[in-house]
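Student: Following our numbering, the numbering of the sequence shown begins with 21 at its first residue and continues without gaps.
Even glycine gets a Cβ: it sits at the ideal position worked out from N, Cα and C.
Bear in mind that the values here come from a model prediction, so they are computed numbers and not experimental data.
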Amino acid sequence: AFDMSIWKAIISMILTVPLLLTFIKYYREKSRIWPLLLEHYFSVWGVYCQQGLPEFPQQTPLKIIYVSLFLTALVVSTAYSASLISFLAVSSAYSPFESPEGFVEDGSYGLIVVKGSSHYQMFR
């Protein structure tokens with residue numbers, strides 16, 4: 021329901037935002053980088069799956085990034101749902117003819133009506 025460029029942007033955000041979060045937290049706390057990176061990848065993936073964080077960060081730069089990420093995920097989820105619903109709601113049935121005359125000229129279709137009904141009398 022989305023264009024390929026939108027999917028690329030979403031995937032690039034999922035891949036790059038955890039790196040940014042990890043570098044900010046690593047710069048402030050100097051803890052081990054791989055557990056931080058893994059934790060942030062799971063957190064970002066959880067945000068895009070509409071899940072909450074286990075613990076909201078205390079540092080202001082991380083708060084700003086997470087709030088932005090939550091809002092972006094909300095907009096993406098809403099837009100995707102709207103696009104999918106509109107795609108499913110609009111019927112695009114193909115009709116091989118556009119008028120009753122075209123129906124008769126085609127000849128490969130038959131008309132079925134209930135005998136004795138007003139439609140039967142009209143097409144008789």
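1) Would you mind working out which of Asp23, Gly72, Tyr86, Met142 sits nearest Thr42, comparing C-alpha positions?
2) Mind checking His139: buried by the 16 CB within 10 Å criterion, or exposed?
3) Are there three or more Cβ pairs, one per stretch, closer than 8 Å when the stretch 108–117 is compared with the stretch 79–97?
4) With the cut-off set at 8 Å, would you say Ser193 and Leu56 are in Cβ contact?
5) Identify the continuous alpha helix (DSSP H) that holds Tyr129 and give its terminal residues.
6) Quick check on this structure: which residue in Ser128, Tyr100, Pro116 has the alpha carbon closest to the alpha carbon of Ile26?
7) Assign Phe76 to one of three DSSP states: helix, strand, or coil.
8) Does the beta carbon of Ala99 come closer than 8 Å to any beta carbon on chain E?
Tutor: Straight from the coordinates:
1) Here residue 42 refers to the residue found at position 22 of the sequence shown. That would be Tyr86, whose Cα lies nearest to the Cα of Thr42.
2) Translated into the one-based positions of the sequence shown, residue 139 becomes position 119. Exposed is the call here.
3) With a cut-off of 8 Å, the stretch 79–97 and the stretch 108–117 do not count as touching, because too few Cβ pairs lie within range.
4) For residue 193 there is no data in the structure shown, the boundaries of the chain being 21 and 144.
5) Working through the sequence shown from its first residue, we reach residue 129 at position 109. Element bounds for Tyr129: n/a, residue is neither H nor E.
6) As a first step, residue 26 is located in the sequence shown; it is residue number 6 there, counting from the start. Among Ser128, Tyr100, Pro116, the Cα nearest to that of Ile26 is on Tyr100.
7) In the sequence shown, the residue the question calls residue 76 occupies position 56. In this structure, Phe76 counts as coil in the three-state DSSP scheme.
8) Among the protein chains of the structure shown there is no chain E, as only one such chain exists.
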